[in-house]
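A.B. asks: So the protein sequences, as listed, match chains A and B.
For my numbering, count along the first sequence from 1 and bump the result up by 755.
For my numbering, count along the second sequence from 1 and bump the result up by 123.
Quick one: the structure is below, questions incoming.
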Amino acid sequence: MAKVLVVTSGKGGVGKTTSTAALGAALAQTGQKVAVVDFDVGLRNLDLVMGAERRVVFDLINVAQGDANLSQALIRDKRVDTLYLLAASQTRDKDALTEEGVARVIAELRERFDWVICDSPAGIERGATLAMRFADVAVVVANPEVSSVRDSDRIIGLLDSKTLKAESGERMEKHLLLTRYDAGRASRGEMLSVDDVLDILSIPLLGIIPESLDVLRASNIGAPVSIGNVGSPAANAYIDAARRLCGVPVPMVRPLEKKGLLGRFFGRRAA
Amino acid sequence: MNIFNFFRRGATAPLARERLQILLTHERQSSCSPQLIAMIHKEVLAAIAKHIAIDPDKVDIDIRHKDKVSLLEINLEIPASVSEAADKKAA
């Protein structure tokens, strides 16, 4: 039975697209069939992060409107052969995406895949509400920063009220993915800690992705960080998060500060 | 600046946490849009300001939900001198 997962956040730039690509690739590497779907109509980027930007012919709207079939629009990843991408349209207006159209595409994807991962656009407008509309599970991506946490709270409210699952009286399964986490700054009280964010949002923690240059490096070369930078802390964190999504009880490793006491002291002075 | 001030200055996360907790408690309570509250705030203020001089910052408007009813709560502080003057006028 396929699971439809939405990766959402409210705020832009917190790592939704990076996380969609990384979780999708990590899940696909376990042999499961995964489709990642870009809902950011007009500002598509999942294709670029996945390194498939030159292979997009048909997109989500083409399929939703019946101008192309799913097989024509799905782009198979060159590294992991159970990973597929359905790109967003770049040119057409976002009203081109209708609830009926999305419902049809999601239903068809459910038949073909084990996981359908919807990369939500920022904001709380149509694109974002449609991305979450048919989801069974939600990953709320947040940075340890006030505006991101506030927007995540708002998105959690929407997940509990505007999704098909919520409307039919079921409980929406939600997970927090804390990204760009700097353990050093958190331990010095300069940044909200994991526990702060968990206390405030009160949804279960899926993973902590450390602030890392590997994420930028992976997007530079067009590879999901979980397969583009194997062995890096960010890649490991995403791989663990993907396993938790599959129900494997992977112990949560809190990122540790790398500097020693002396380094911390001087590091602070320099900052 | 001594080293203790230096450390204290860095610890802004507790403030961030406190601000978020207060804000979100408030936002979760009012399910209606912030724009609606702002509009009511402005109009109530205008209506009262016709009769009494009040400080716009001392007006607090909120919509609370209790079981099946919503409660529109308006709290406003009237300066003591103004209320005494109004009493004398009425008497």
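We treat Cβ as the ideally placed atom computed from N, Cα and C, and that holds for glycine.
Going along chain A in order, which residues have a C-beta closer than 8 Å to the C-beta of B:R142?
C.D. replies: Residue numbering aside, residue 142 of chain B sits at position 19 when the second sequence is read from its first letter. Residues of chain A passing the Cβ test: V901.
A.B. asks: Which stretch, first to last residue, makes up the alpha helix (DSSP H) that contains A:H930?
C.D. replies: Locating residue 930 of chain A in the first sequence gives position 175, where the first residue counts as 1. Looking at the DSSP string, A:H930 is not in any alpha helix (DSSP H); the run it does join, the beta strand (DSSP E), is 928 to 936.
A.B. asks: Does DSSP classify A:G767 as helix, strand or coil?
C.D. replies: The residue labelled residue 767 of chain A in the question sits at position 12 within the first sequence. The answer is coil: DSSP assigns A:G767 none of H, G, I, E or B.
A.B. asks: Under 7 Å, CB to CB, which of the residues in the stretch 168 to 199 of chain B have a partner in chain A?
C.D. replies: Cβ contacts with chain A come from no residue of the stretch 168 to 199 of chain B.
A.B. asks: According to DSSP, is A:L947 part of a helix, a strand, or is it coil?
C.D. replies: Counting from one through the first sequence, the residue named residue 947 of chain A turns up at place 192. Note: A:L947 maps to coil in three-state DSSP.
A.B. asks: Determine the direct distance from the alpha carbon of A:D950 to that of A:A858, and round the result to whole angstroms.
C.D. replies: On the first sequence, residue 858 of chain A is found 103 positions in, with the first residue counted as 1. On the first sequence, residue 950 of chain A is found 195 positions in, with the first residue counted as 1. Whole-angstrom Cα-Cα distance: 37 Å.
A.B. asks: With a CB to CB cut of under 7 Å and the five nearest residues on each side skipped, what residues in its chain are close to A:G856?
C.D. replies: For the purposes of this step, residue 856 of chain A is identified with residue 101 of the first sequence, where counting begins at 1. Closer than 7 Å at Cβ, skipping near neighbours: A819, Q820.
A.B. asks: When we look at the beta-carbon of A:L971 and count the other beta-carbons within 10 Å, is it buried (16 or more) or exposed?
C.D. replies: Walking along the first sequence from the start, residue 971 of chain A turns up at place 216. Exposed is the call here.
A.B. asks: State buried or exposed for A:N984, treating a residue as buried only when at least 16 other CB atoms are found within 10 Å of its CB.
C.D. replies: Numbered from 1 along the first sequence, position 229 holds the residue referred to as residue 984 of chain A. Counting Cβ neighbours within 10 Å, A:N984 comes out buried, since at least 16 surround it.
A.B. asks: Could you give the distance in angstroms between the alpha-carbon of A:G768 and the alpha-carbon of A:I830?
C.D. replies: In the first sequence, the residue the question calls residue 768 of chain A occupies position 13. In the first sequence, the residue the question calls residue 830 of chain A occupies position 75. Near 25 Å, if we compare the C-alpha coordinates of A:I830 and A:G768.
A.B. asks: Please compile the residues from chain A whose C-beta is within a distance smaller than 9 Å of the C-beta of B:A134.
C.D. replies: Along the second sequence, one-based indexing puts residue 134 of chain B at 11. Simply R943, G944, E945.
A.B. asks: Counting only the same chain and skipping the five closest in sequence on each side, list residues whose C-beta sits under 7 Å from that of B:I163.
C.D. replies: In the second sequence, counting from the first residue as 1, residue 163 of chain B sits at position 40. Closer than 7 Å at Cβ, skipping near neighbours: I184.
A.B. asks: Tell me, which residues are paired with A:D850 by DSSP?
C.D. replies: As a working note, residue 850 of chain A is residue 95 in the first sequence. Answer is none; A:D850 lacks a bridge partner.
A.B. asks: Three or more C-beta pairs under 8 Å: does that hold for the stretch 784 to 799 of chain A against the stretch 873 to 891 of chain A?
C.D. replies: Because the criterion of three Cβ pairs below 8 Å is met, the stretch 784 to 799 of chain A and the stretch 873 to 891 of chain A touch.
A.B. asks: On the CB-based measure, 16 or more other CB atoms within 10 Å of its CB, does A:A1025 come out buried or exposed?
C.D. replies: Taking the first sequence and counting its residues from 1, the one referred to as residue 1025 of chain A is at position 270. Interpretation of A:A1025 is limited by its pLDDT of 43, a score under 50 that renders its predicted location unreliable; no figure is taken from the coordinates.
A.B. asks: Would the stretch 769 to 781 of chain A count as touching the stretch 822 to 841 of chain A if we require 3 or more Cβ pairs under 8 Å?
C.D. replies: Yes, since at least three Cβ pairs between the stretch 769 to 781 of chain A and the stretch 822 to 841 of chain A fall closer than 8 Å, the two stretches touch.
A.B. asks: When DSSP labels each residue in this structure, what does B:K165 get in the three-state scheme?
C.D. replies: For the purposes of this step, residue 165 of chain B is taken as residue 42 along the second sequence, with counting starting at 1. Correct three-state label for B:K165: helix.
A.B. asks: For A:D836, count the other beta carbons within 10 Å of its own beta carbon; 16 or more makes it buried, fewer makes it exposed. Which is it?
C.D. replies: Within the first sequence, the letter at position 81 stands for residue 836 of chain A. By the neighbour-count rule (16 or more Cβ atoms within 10 Å), A:D836 is not buried but exposed.
A.B. asks: Smallest Cα separation from A:A828: which of A:V804, A:L968, A:L864?
C.D. replies: The residue given as residue 828 of chain A occupies position 73 in the first sequence. The option with the nearest alpha carbon to A:A828 is A:L864.
A.B. asks: Going straight from the alpha carbon of A:T846 to that of B:R140, what length do you get?
C.D. replies: As a position in the first sequence, residue 846 of chain A is number 91, starting the count at 1. As a position in the second sequence, residue 140 of chain B is number 17, starting the count at 1. Each residue's Cα considered, the two are about 41 Å apart.
A.B. asks: Residues in the stretch 904 to 927 of chain A with C-beta within 7 Å of chain B's C-beta atoms, listed in sequence order?
C.D. replies: Flagged, chain order: V904, R905, D908.
A.B. asks: Restricting to Cα atoms, I'd like to know which of A:V1008, A:I910, A:S981, A:E928 is closest to A:G1002.
C.D. replies: Taking the first residue of the first sequence as 1, we reach residue 1002 of chain A at position 247. A:G1002 has its Cα closest to that of A:E928, out of A:V1008, A:I910, A:S981, A:E928.
A.B. asks: Are the Cβ atoms of A:K766 and A:S903 separated by less than 7 Å?
C.D. replies: Within the first sequence, residue 766 of chain A is the residue found at index 11, counting from 1. Within the first sequence, residue 903 of chain A is the residue found at index 148, counting from 1. It is a contact, given that the beta carbons lie within the stated cut-off.
A.B. asks: Step through the CB atoms of chain A and report whether any lies within less than 7 Å of the CB of B:L138.
C.D. replies: If you number the second sequence from 1, residue 138 of chain B lands on position 15. No - not a single Cβ of chain A is within 7 Å of the one on B:L138.
A.B. asks: Tell me whether the beta-carbon of A:S764 lies closer than 7 Å to the beta-carbon of A:K771.
C.D. replies: In the first sequence, counting from the first residue as 1, residue 764 of chain A sits at position 9. In the first sequence, counting from the first residue as 1, residue 771 of chain A sits at position 16. Cβ atoms of A:S764 and A:K771: closer than 7 Å.
A.B. asks: Cα separation between A:V812 and A:G806?
C.D. replies: In the first sequence, residue 812 of chain A corresponds to position 57, counting from 1. In the first sequence, residue 806 of chain A corresponds to position 51, counting from 1. Taking the straight line joining both Cα atoms gives about 14 Å.
A.B. asks: Can you find a CB in chain A that lies within less than 7 Å of the CB of B:L147?
C.D. replies: On the second sequence, residue 147 of chain B is found 24 positions in, with the first residue counted as 1. Yes, contact with chain A.
A.B. asks: One question on the structure: do B:L143 and A:I955 come within less than 7 Å of each other, judged by their Cβ atoms?
C.D. replies: Stepping through the second sequence from its first residue, residue 143 of chain B is reached at position 20. Stepping through the first sequence from its first residue, residue 955 of chain A is reached at position 200. Going by C-beta atoms, B:L143 is nearer than 7 Å to A:I955.
A.B. asks: A:I955 touches chain B at which residues, Cβ-Cβ below 9 Å?
C.D. replies: Reading the first sequence from its first residue, position 200 is the one you call residue 955 of chain A. The contacting residues are R140, L143, Q144, L147.
A.B. asks: Where A:L914 and B:D180 are concerned, what is the direct C-alpha to C-alpha distance, given to the nearest angstrom?
C.D. replies: Residue mapping note: residue 914 of chain A aligns to position 159 of the first sequence, counting from 1. Residue mapping note: residue 180 of chain B aligns to position 57 of the second sequence, counting from 1. Each residue's Cα considered, the two are about 34 Å apart.
A.B. asks: Do you know whose CA, among A:L1000, A:V789, A:G977, A:E900, lies nearest A:G944's CA?
C.D. replies: Within the first sequence, the letter at position 189 stands for residue 944 of chain A. Nearest C-alpha to A:G944: A:E900.
A.B. asks: Take A:I982 as the anchor and find which of A:L803, A:R834, A:R809 has the nearest alpha-carbon.
C.D. replies: Here residue 982 of chain A corresponds to residue number 227 of the first sequence, with the count starting at 1. If we check each option's Cα against that of A:I982, A:R834 comes out closest.
A.B. asks: Please go through the same chain and pick out, in chain order, the residues whose beta-carbon is closer than 6 Å to the beta-carbon of A:R909, but skip the five residues on each side of it.
C.D. replies: If you number the first sequence from 1, residue 909 of chain A lands on position 154. If we look at A:R909 and ignore the five residues flanking it on each side, its Cβ neighbours are G765.
A.B. asks: With a threshold of 7 Å on Cβ separation, who are the neighbours of A:I816 within its own chain once the five nearest residues in sequence on each side are excluded?
C.D. replies: Reading the first sequence from its first residue, position 61 is the one you call residue 816 of chain A. Excluding sequence neighbours, A:I816 sits near V796, S844, R847, A851, L852.
A.B. asks: Could you name the residues of the same chain whose beta carbon sits closer than 7 Å to that of B:A134, not counting the 5 residues immediately before and after it, in chain order?
C.D. replies: Within the second sequence, the letter at position 11 stands for residue 134 of chain B. Within the same chain, B:A134 has no close Cβ partners at all.
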